[in-house]
DNA sequence: CTCTTGACGCCGG
DNA sequence: TCCGGCGCCAAGA
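Numbering (this note's numbering), first residue to last: 27 to 125.
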């Protein structure tokens, strides 16, 4: 199977600096292939091997899988959170990727 | 080959 | 703000 895509996704996620995040769509855009759903699939399969908590939805909100301790990581990394605390402040936490 | 489903995203109402 | 619809791509039944 094509683990190439999986590797590229996981590699990018590993490159996300602590305290920063990327959205599923952003990952797809940076890799310039697949889409948000493909990224989500990869994370669902092998996301456990990387910093899965650094990948959130486009609006900064979290998903079911993020509830298992992601907030602990955010607090530890000092990730900017929205007032409610159940979503990331995208305007500040979104990683400005550049190659 | 078709239909459903999903760690998604954007637009309306 | 909350909800629903449609588009998106790939995998499984």
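Idealized CB from N, CA, C, for every residue including glycine.
1) Report the partner residues of residue 47 according to the DSSP bridge assignment.
2) Which of helix, strand or coil does DSSP assign to residue 76?
3) Would you give the residue range spanned by the alpha helix (DSSP H) that residue 96 belongs to?
4) Thinking C-beta only, is residue 39 closer than 7 Å to residue 81?
5) Report the partner residues of residue 113 according to the DSSP bridge assignment.
For this structure:
1) Your numbering for residue 47 matches position 21 in the first chain. 120.
2) Position 50 of the first chain, counted from the first residue, corresponds to residue 76. Coil.
3) Numbered from its first residue, the first chain carries residue 96 at position 70. Here the alpha helix (DSSP H) through residue 96 covers 96–103.
4) On the first chain, residue 81 is found 55 positions in, with the first residue counted as 1. On the first chain, residue 39 is found 13 positions in, with the first residue counted as 1. Yes, these two residues count as a Cβ contact at 7 Å.
5) Taking the first chain and counting its residues from 1, one reaches residue 113 at position 87. Looking at the DSSP assignment, residue 113 forms a beta bridge with 87.
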